[in-house]
Each structure stands twice: as C-alpha cells, then as structure tokens.
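J.:
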Amino acid sequence: MKNVNSKIISLIIIILFSFLSNGIAVEFRGVAVENYSGVYTKKKVNKTLDIAKVKACKNAFRKYIQEMEESKRMIFVSIEDQIYSKLSNYMVCETVVEENIDKKKKRVEIVMKANIDETRLDIEIKKNSKVFDSKSSEKSKLAMIFFSRTVAAQRQYDEKVTKVEKKTKGIDINEEETDTEISSSTTETNVTESGGSKLKKADISEYIVDDNDTVKLEAGMKEIFTKARFEPLSGPRLVRKSWRSLKKEIVNSLENGGSIPEEVRWEIEDILMEKNVSYVVFAYFDVGVPEFNASNGSQSVNVALVIAEIVRLGNGDPVSLGTISNVQGKQTGSNNDIAKNNALNFVSEKTARELVALINSKGIN
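For the sequence shown, the tail end lands on 473 under the working numbering, and the numbers increase by one without skipping.
#1: With a threshold of 16 other CB atoms inside 10 Å of the CB of residue 418, please say whether the residue is buried or exposed.
#2: Is residue 431 helix, strand or coil by DSSP?
#3: Does the stretch 370-385 come close enough to the stretch 395-409 to have 3 or more Cβ pairs within less than 8 Å?
#4: Please report the straight-line C-alpha distance between residue 321 and residue 171, rounded to a whole angstrom.
#5: Does the ligand MG have even one heavy atom less than 6 Å from the beta-carbon of residue 359?
#6: Between 427, 192, 399, 459, which has its C-alpha nearest residue 441's C-alpha?
#7: Distance check for residue 233 and residue 257, CA to CA, integer angstroms please.
#8: Name the residue from 422, 358, 402 whose alpha carbon lies nearest to the alpha carbon of residue 381.
#9: Within the same chain, show all residues whose beta-carbon is closer than 7 Å to that of residue 428, passing over the 5 residues directly before and after it, in chain order.
#10: How would you call residue 212, buried or exposed, if buried means at least 16 neighbouring beta carbons within 10 angstroms?
#11: Express the C-alpha separation of residue 364 and residue 264 in angstroms, rounding to a whole number.
#12: Using the Cβ count rule (16 or more neighbours within 10 Å means buried), how would you classify residue 204?
#13: Can you list, in chain order, the residues of its chain whose CB lies under 6 Å from that of residue 457, leaving out five sequence neighbours each side?
#14: Give the list of continuous alpha helix (DSSP H) stretches no shorter than 4 residues that lie fully inside the stretch 168-223.
#15: Would residue 185 be called buried (16 or more neighbouring beta carbons within 10 Å of its own) or exposed?
#16: Measure the Cβ-Cβ separation of residue 136 and residue 164 and say whether it is below 7 Å.
#17: Is residue 404 helix, strand or coil by DSSP?
#18: With the cut-off set at 7 Å, would you say residue 317 and residue 224 are in Cβ contact?
#19: By how many angstroms is the C-alpha of residue 359 removed from the C-alpha of residue 314?
#20: Just how far apart, CA to CA, sit residue 461 and residue 152?
#21: Check for me: the beta strand (DSSP E) holding residue 322 runs from which residue to which?
#22: Might you give, ordered along the chain, the residues of its own chain that have their beta carbon closer than 6 Å to the beta carbon of residue 430, omitting 5 neighbours on each side?
#23: From what residue to what residue does the beta strand (DSSP E) around residue 342 run?
#24: What do you reckon, are the CB atoms on residue 144 and residue 214 nearer than 7 Å?
#25: Take residue 198 and list the residues in its own chain whose beta-carbon comes closer than 7 Å to its own, dropping the five residues that flank it on each side.
#26: Taking just the CA atoms, how far does residue 255 sit from residue 361?
#27: So what's residue 425 in DSSP terms, helix, strand or just coil?
#28: Hey, how far is the Cα of residue 377 from the Cα of residue 438?
#29: Provide the residue span of the alpha helix (DSSP H) that contains residue 355, from first to last.
#30: Answer with buried or exposed for residue 148, where buried requires no fewer than 16 other C-beta atoms within 10 angstroms of its C-beta.
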C-alpha cells in the first residue's frame, strides 16, 4: 500500500513539475495567404503551404503582442529582433486549424494555432531589461514628486443669449375721406438678455490637493519601482529645506486647474542633482467624484493620471525621457474611501510599470 501511495505521489510531482516547466501558455490563431505561379503541382503547393504556415504563426504571435499591456510591449520592442530570430523558443505552432487551396486563383489560405509560452517570454523581457540587469548595489536612485487632486467645485458659464419677443397690436382707424374702414397695426418689441457675457467663457474647475491620496499613490508606485531594481526615494524629503515654499507654489497651481510650474521643477531638479539622484518623476492625478450604484449599494471612483514625466539627472542639463498620460481606472468598494483607495492603487501601479518600460525602451539606466 505504501508503494502504491509513493508511486501516486511521484506521479503527481512529475505532472506538477512538467506543468511548471512549460510555464503559462496562451493560445492565438494566425492567418496567412500565399500565392504560387505557373501550373498546379503538389510539390509546388506544399512548398507554398510551408511558407504560409510560417507567416501564419508569426501572425498569431503578432496578435499576442498587440494585446500585451503597453508597459511590457515597450520593452519588447527593444528586443523584438532577438525574439523573432528564435521564435520557436517562445511558442509551439504546429497545428493546422484550416487549410484551403484555390487552384483557380493559384493561392493557399491557412489558419494555424499557436501556443505562446508567456512565462518564458516574460523572463526574456526582464533579463534584457537594463534596469533589471543592474546589480543591487548599483540601483539607480529615483525621486518621486506626486500630487493628487479632487474636483471641489466647477463654475460653468453660459453664452449671452438675446431673446427678441415681438407682439402685434391691432388698431382700428376710420378714414373720413371714404366710407371704407381701414385696419392698421403696430408692432411692440421686447428685448431680454441672459447669460454672463457676449463672449463664451471657459468653465473653471477648482480642486483640492489631498496629501493622504498622494501618500497612497507613492506607496503603490514604490513597490513597482523597487521590483524593477530602482531605489525609490521621497522627493519632498530630499528637498525638505525648500519643500514648504515649493509645495505652496505647486498646490496653488494645481488647485486652480494648472500643472506643476516649470520653474519649480527646475529648482527641484537642481537640488536632486546635487544629491546624486539619477531620475525624478513628476506626476499628478485627478480623482473623480464618487458614483453610487443603487443595484448593489457599492461606490465607484475613477482616478486618472493627467501626466507623468520622467527626467534623467546627471552631468549637464537634465534630459526628459518622455511623458505618459491617460492612465486611468475605475474601481469599486463598499464605501467611498475603499473605492478610492482601490482606484489609486490600480492607477499608481499601472503608471509605474509604464514609466519603468519607458526607461527600458531607451536602453539606459
């Protein structure tokens, strides 16, 4: 009995090991059409089919890449030549789903099923990442300057509207010269105006910068940056001697619908370079108004990244590596605070992944 149990256990271990070794495979189907010339021969068609199969498999792989999240795809682009040269290492594509030979049009059409080894591909992407490749003792210092604001009020202006109301008033006039009674009329015009001005004014939004939300955003990003082998640091702490005045200018601009002032950014960059910080990220987010779902009693909140820019510091002038925006996510919760925290965490992590990918795509660290 013991021997039987040990054999079963061994079999389970082998199956699990085999599953883990193969990693996570995802299935995609690729399509290709290939023409041939001249008279139909079996040999010629088979050769054409072989070419079409290769193209269909690449088509399936490209479909997978198109659905890859943007942050990962940005890294993939920098090593795609390397991946495509050894494509068979990352997918198994041998099953013909559909095959059609059109002798009249002298072409073949084929559909192939590809099982892509997502785990192995992820490992390759990380292995070739400049950030991931750095030693723990050589981690790049990255300062974070983040802000979160919530809409507090919004003033909307209507165009000035002029309404003209005309009333016709009948008047009977008796002419003495003739026996004919002539009816005449006069028109009274009333003019009323509404709205603020003759020119259309832009709507004005007023915001409140919430330091508590900012802390949560920083925490979500910090985890991703750390896993990417950065040394994330609090920007305000690094510039603490000047932070009170710098923050006042930033908050004033953000709460009035503006962005982080350029002159303030320059001052922060100068201070960080003196402290040998490699990168700084400036970002601010908008937190939406909670929405109530009457069907289940839950709350939902949308958080959107307005813009994030990563700047490389060092000798000479700072260099912008690029910006990202339009990262957003609506999350739910049993109350407003939980829904907002979920949304902040989701958007902050996604933003951090895209920033890391942006650095990797430049091939520097």
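Heads up, the beta-carbon is just placed ideally off N, CA and C, and yes, glycines get one too.
All of these numbers come straight from a predicted model, not from anything done at the bench.
T.: Looking at the coordinates:
#1: For the purposes of this step, residue 418 is identified with residue 310 of the sequence shown, where counting begins at 1. Per the 10 Å Cβ criterion, buried.
#2: Along the sequence shown, one-based indexing puts residue 431 at 323. Looking at residue 431 - three-state DSSP - the assignment turns out to be strand.
#3: The answer is no - the stretch 395-409 does not touch the stretch 370-385, with fewer than three Cβ pairs under 8 Å.
#4: Locating residue 321 in the sequence shown gives position 213, counting from the first residue. Locating residue 171 in the sequence shown gives position 63, counting from the first residue. For residue 321 and residue 171, the distance between alpha carbons rounds to 37 Å.
#5: Within the structure as shown, the ligand MG is missing, as the structure has no ligands at all.
#6: Taking the first residue of the sequence shown as position 1, residue 441 is located at position 333. Of the listed residues, the one whose Cα sits closest to residue 441 is 399.
#7: Residue 257 sits at position 149 when you count from the first residue of the sequence shown. Residue 233 sits at position 125 when you count from the first residue of the sequence shown. Their Cα atoms are separated by approximately 35 Å.
#8: Working through the sequence shown from its first residue, we reach residue 381 at position 273. Of the listed residues, the one whose Cα sits closest to residue 381 is 422.
#9: If you number the sequence shown from 1, residue 428 lands on position 320. A distance below 7 Å between beta-carbons, with the five flanking residues on each side excluded, links residue 428 to the following residues of its chain, in chain order: 417, 419.
#10: Taking the first residue of the sequence shown as 1, we reach residue 212 at position 104. It is exposed - the Cβ of residue 212 has fewer than 16 other Cβ atoms within 10 Å.
#11: The residue you call residue 264 lines up with position 156 of the sequence shown. The residue you call residue 364 lines up with position 256 of the sequence shown. Note on residue 264: pLDDT 48, under 50, position unreliable in the model; no value is reported.
#12: What you label residue 204 is simply residue 96 of the sequence shown in a count that begins at 1. With a 10 Å radius around the Cβ and a threshold of 16 neighbouring Cβ atoms, residue 204 comes out exposed.
#13: Here residue 457 corresponds to residue number 349 of the sequence shown, with the count starting at 1. Cβ neighbours of residue 457 beyond the five flanking positions: 328, 332.
#14: With a minimum length of 4 residues, the continuous alpha helix (DSSP H) runs that stay inside the stretch 168-223 are 178-193.
#15: Taking the first residue of the sequence shown as 1, we reach residue 185 at position 77. An exposed status is given to residue 185, since fewer than 16 other beta-carbon atoms sit within 10 Å of its beta-carbon.
#16: By one-based count along the sequence shown, residue 136 stands at place 28. By one-based count along the sequence shown, residue 164 stands at place 56. Their beta carbons are not under 7 Å apart, which means residue 136 does not touch residue 164 by this criterion.
#17: Taking the first residue of the sequence shown as position 1, residue 404 is located at position 296. Three-state DSSP puts residue 404 in coil, outside helix and strand.
#18: Position 209 of the sequence shown, counted from the start, is the residue given in the question as residue 317. Position 116 of the sequence shown, counted from the start, is the residue given in the question as residue 224. No, these two residues do not count as a Cβ contact at 7 Å.
#19: Locating residue 314 in the sequence shown gives position 206, counting from the first residue. Locating residue 359 in the sequence shown gives position 251, counting from the first residue. Roughly 12 Å between the two C-alpha positions.
#20: Here the question's residue 461 lines up with position 353 in the sequence shown. Here the question's residue 152 lines up with position 44 in the sequence shown. Approximately 49 Å, taken between the alpha carbons.
#21: Taking the sequence shown and counting its residues from 1, the one referred to as residue 322 is at position 214. Here residue 322 belongs to no beta strand (DSSP E); instead the alpha helix (DSSP H) covers 319-335.
#22: Against the sequence shown, residue 430 aligns to sequence position 322. If we look at residue 430 and ignore the five residues flanking it on each side, its Cβ neighbours are 466.
#23: Residue numbering aside, residue 342 sits at position 234 when the sequence shown is read from its first letter. Unbroken beta strand (DSSP E) run through residue 342: 338-342.
#24: Position 36 of the sequence shown, counted from the first residue, corresponds to residue 144. Position 106 of the sequence shown, counted from the first residue, corresponds to residue 214. Result yes, Cβ atoms of residue 144 and residue 214 sit closer than 7 Å.
#25: Translated into the one-based positions of the sequence shown, residue 198 becomes position 90. Correct list, in chain order: 191, 224, 225, 228, 229.
#26: The residue you call residue 361 lines up with position 253 of the sequence shown. The residue you call residue 255 lines up with position 147 of the sequence shown. Cα to Cα, residue 361 sits roughly 11 Å from residue 255.
#27: Position 317 of the sequence shown, counting from 1, holds the residue named residue 425. Coil.
#28: Here residue 377 refers to the residue found at position 269 when the sequence shown is read from its first residue. Here residue 438 refers to the residue found at position 330 when the sequence shown is read from its first residue. For residue 377 and residue 438, the distance between alpha carbons rounds to 33 Å.
#29: Along the sequence shown, one-based indexing puts residue 355 at 247. Note, residue 355: alpha helix (DSSP H), 348-363.
#30: Walking along the sequence shown from the start, residue 148 turns up at place 40. Exposed: under 16 other Cβ atoms inside 10 Å.
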